[in-house]
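**Q** The following block contains the structure, expressed as structure tokens.
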Amino acid sequence: MSAVAGFKRKLREGSPVSVINIDYVSPALVEFLARPEMRLDAVMLDAEQGSPDFQGIEDMARVARLSGLCVLVRLFSPEPWLVERMLLRGIDGIIVPRLDSAEQARAVIDAVRYCQPKDADDKVVVVQVESAAAHADLDAFLATEGIDAYFIGPVDLSRSMGHAGDYAQAPVQAAIDDILQRCRAAGRAAGTMVKPGDADQWIGRGARFLYFHVNDWLRIGARSFPLAAA
3 MSAVAGFKRK
13 LREGSPVSVI
23 NIDYVSPALV
33 EFLARPEMRL
43 DAVMLDAEQG
53 SPDFQGIEDM
63 ARVARLSGLC
73 VLVRLFSPEP
83 WLVERMLLRG
93 IDGIIVPRLD
103 SAEQARAVID
113 AVRYCQPKDA
123 DDKVVVVQVE
133 SAAAHADLDA
143 FLATEGIDAY
153 FIGPVDLSRS
163 MGHAGDYAQA
173 PVQAAIDDIL
183 QRCRAAGRAA
193 GTMVKPGDAD
203 QWIGRGARFL
213 YFHVNDWLRI
223 GARSFPLAAA
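This note's numbering puts the first residue of the sequence shown at 3, with every later residue one more than the last.
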């Protein structure tokens with residue numbers, strides 16, 4: 003079974019998937035993260051908040067494919083031309099931000115099917131639910147065919163709710179729980195950003211798409227290295 007097929011199967015079955023964010027160009031790092039002992043399900047190349055360009059993404063995607071690791075790209079815009087251009091870099095799927103309505107999500111799915119008419123169903127499509135407007139339109143998002151997972155962006159969601167990026171506020175946490183519960187009730191995978199030590203808590207709340215940053219791994223490793231305290 004291919005890496006992307008295994009990834010999609012775990013999402014369908016409701017099993018947690020681990021997705022690590024790399025926001026800079028490093029094919030060597032992708033190769034290292036593909037080692038079995040890392041136990042990762044996918045690598046996310048972050049073109050929204052990071053520096054990877056089209057050439058860098060193509061190079062890292064090639065390494066991921068050869069190493070047997072599912073490779074996703076977070077777009078910097080949901081526009082159809084960008085969906086097509088990224089898919090043609092050889093990636094396994096996309097994570098799509100800046101969506102306020104299911105209508106926008108359907109346009110993304112249409113772009114995937116236009117670009118990959120023979121194997122669109124083999125691609126991963128994750129939509130970000132990161133605004134009060136998207137939350138309000140969640141039922142329509144859940145009714146949209148072709149979406150594999152719903153990723154909650156807590157910082158942007160909190161901003162749209164008037165909490166200036168503070169996603170620890172009770173109304174924001176209530177909104178996150180509502181999204182997770184409604185996705186689960188609909189038989190759809192959802193998830194959010196996790197930090198060191200809280201993955202089990204998020205799994206308990208219903209998250210299955212678990213995203214974390216490579217810098218957190220580096221920070222933990224540095225602090226645990228014997229010479230760090232010297």
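Ideal placement from N, C-alpha and C gives every residue a C-beta, glycine not left out.
In whole angstroms, what is the alpha-carbon distance linking residue 173 and residue 67?
**A** Cα to Cα, residue 173 sits roughly 41 Å from residue 67.
**Q** Taking all protein chains shown into account, decide if residue 49 is buried (16 or more other Cβ within 10 angstroms of its Cβ) or exposed.
**A** Buried: at least 16 other Cβ atoms inside 10 Å.
**Q** Below 8 Å on the Cβ atoms is my contact criterion, and I expect residue 93 with residue 114 to pass it. Report the Cβ-Cβ distance as a whole number of Å.
**A** Not a contact, Cβ separation roughly 11 Å.
**Q** Indicate whether the contact test is met: 3 or more Cβ pairs, each with one atom in the segment 195-210 and one in the segment 36-52, closer than 8 Å.
**A** Not touching, per the Cβ criterion.
**Q** Alpha helix (DSSP H) containing residue 206: first to last residue?
**A** Element bounds for residue 206: 201-206.
**Q** Does the segment 185-197 come within contact of the segment 210-226, defined as at least 3 CB pairs closer than 8 Å?
**A** Because the criterion of three Cβ pairs below 8 Å is met, the segment 185-197 and the segment 210-226 touch.
**Q** Between the Cα of residue 13 and those of 148, 84, 64, 104, spot the shortest distance and give me the residue it belongs to.
**A** The option with the nearest alpha carbon to residue 13 is 148.
**Q** Which residue wins for smallest C-alpha separation from residue 186, given the options 95, 104, 141?
**A** Out of 95, 104, 141, 141 has the C-alpha closest to the C-alpha of residue 186.
**Q** What would DSSP say about residue 181, mapped onto helix, strand or coil?
**A** Residue 181: helix per DSSP, three-state reduction.
**Q** Judging by CA-CA distance, which residue of 133, 183, 156, 184 is the nearest neighbour of residue 171?
**A** Cα-wise, what sits closest to residue 171 is 156.
**Q** Let me check understanding here. Comparing Cα to Cα, which of 217, 191, 128 lies closest to residue 16?
**A** Minimum Cα distance to residue 16 is reached at 191.
**Q** What distance in whole Å lies between the Cβ atoms of residue 89 and residue 57, which are believed to be in contact at a cut-off of 8 Å?
**A** About 16 Å; that fails the 8 Å criterion.
**Q** Classify residue 20 as helix, strand or coil using the three-state DSSP reduction.
**A** Residue state, collapsed to three classes: strand.
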